[in-house]
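Encoded as structure tokens, the structure appears first; notes follow it.
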Ligand code: ADP
Ligand code: MG
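Numbering (this note's numbering), first residue to last: 212 to 478.
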């Protein structure tokens, strides 16, 4: 279970998020969308156990996080969560392989276990093994994000949190990685929360879109709900601002990608 219950997060007395209530079903892929500063990263950081709520609580995989949660408990939450940020967040002074080994080693995994996992994930994300000997600065943006994704998956997380993971990539590499992420979400069956500000990406990768504005959920549903049943004027203008995004074309495109049987990536 992953759930926000009446959660509010303040920074310097100012509300960054909340109050929000949100439940994320196991194995689902949810997209958090909204303009810059609306609280998307704050929501992700709360789920990841990187920060605590000021009121209410977050249930992260059966562990309750609130204002009094200890650092040891937060660490146990982080053990079960994979987290990727826009720039990848790889340590620049470590090779890719060293980046991948760091967390599993600190949690006491054996060298054999780690090597096996690296091998599996190299195949899964389509990287060639020699690239892992390189430092992050010696990789292209797309390769770096693939390594960051591998690193997030090393501990076989219950939940994968992706905070604008493709935001810094050029359109072609971005489209390529969108395709790969979509396949990956289906293969892994992990609970995924993805942040983006791009509605086309949201519609392509998620089956549920949660639109935030000023720290609150303003609409929660499928992409067609945003177009056909906008909950507020803000939703209407948010959708209108996504120029060039054609809801009907997107949906027919989706069908081609999902063999007709399902839309989005609901499992
Ligand atoms: P988003 O990811 O949607 O762009 P954030 O969750 O990063 O938004 O930020 C929400 C609000 O909280 C913003 O007003 C931001 O300036 C503020 N904020 C985020 N992190 C911090 C922080 N560490 N200290 C102070 N203010 C912060
Ligand atoms: Mg952010």
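Every residue, glycine too, gets a C-beta built ideally from N, C-alpha and C.
Are the beta-carbon atoms belonging to residue i and residue j less than 8 Å from one another?
i: residue 285; j: residue 260; result: yes
i: residue 229; j: residue 278; result: no
i: residue 374; j: residue 252; result: yes
i: residue 314; j: residue 366; result: yes
i: residue 213; j: residue 370; result: yes
i: residue 249; j: residue 453; result: no
i: residue 356; j: residue 377; result: yes
i: residue 423; j: residue 243; result: yes
i: residue 257; j: residue 264; result: yes
i: residue 393; j: residue 416; result: yes
i: residue 442; j: residue 429; result: yes
Residue i lies in the beta strand (DSSP E); which residues open and close that run?
i: residue 370; result: 370-374
i: residue 413; result: Careful: residue 413 lies outside any beta strand (DSSP E), inside the alpha helix (DSSP H) at 410-416.
i: residue 444; result: First-last for residue 444: 444-452, but that is the alpha helix (DSSP H), not the beta strand (DSSP E).
i: residue 366; result: Here residue 366 belongs to no beta strand (DSSP E), and DSSP marks it neither H nor E.
i: residue 243; result: 240-244
Below 8 Å on the Cβ atoms is my guess for residue i versus residue j; work out the distance and round it to an integer in Å.
i: residue 406; j: residue 396; result: Actually they do not touch by this definition, with Cβ atoms about 14 Å apart.
i: residue 379; j: residue 295; result: With a Cβ gap of about 12 Å, residue 379 and residue 295 do not count as contacting.
i: residue 347; j: residue 299; result: 7 Å
i: residue 329; j: residue 311; result: 6 Å
i: residue 324; j: residue 342; result: About 22 Å separates the two Cβ atoms, so there is no contact after all.
Check whether chain B comes within 8 Å of residue i, counting only Cβ atoms and requiring the distance to be less than that.
i: residue 436; result: Of the protein chains in the structure, only one exists, and it is not chain B.
Between which two residues does the alpha helix (DSSP H) containing residue i stretch?
i: residue 436; result: 434-439
i: residue 229; result: Here residue 229 belongs to no alpha helix (DSSP H); instead the beta strand (DSSP E) covers 225-235.
What residues are listed by DSSP as bridge partners for residue i?
i: residue 277; result: None; residue 277 has no bridge partner.
i: residue 262; result: None; residue 262 has no bridge partner.
i: residue 255; result: Per DSSP, none; premise fails for residue 255.
i: residue 430; result: 422
i: residue 339; result: Looking at the DSSP assignment, residue 339 forms no beta bridge with any residue, so it has no partner.
i: residue 268; result: 216
i: residue 350; result: None; residue 350 has no bridge partner.
i: residue 407; result: 244
Next item on the list: List in chain order: all unbroken alpha helix (DSSP H) runs of 4+ residues lying wholly within the segment 286-333.
Entry: 307-317
Notebook entry, point to check: Which parts of the segment 378-405 are runs of the alpha helix (DSSP H), unbroken and 4 residues or longer, counting only runs that do not cross its ends?
Noted result: 382-399
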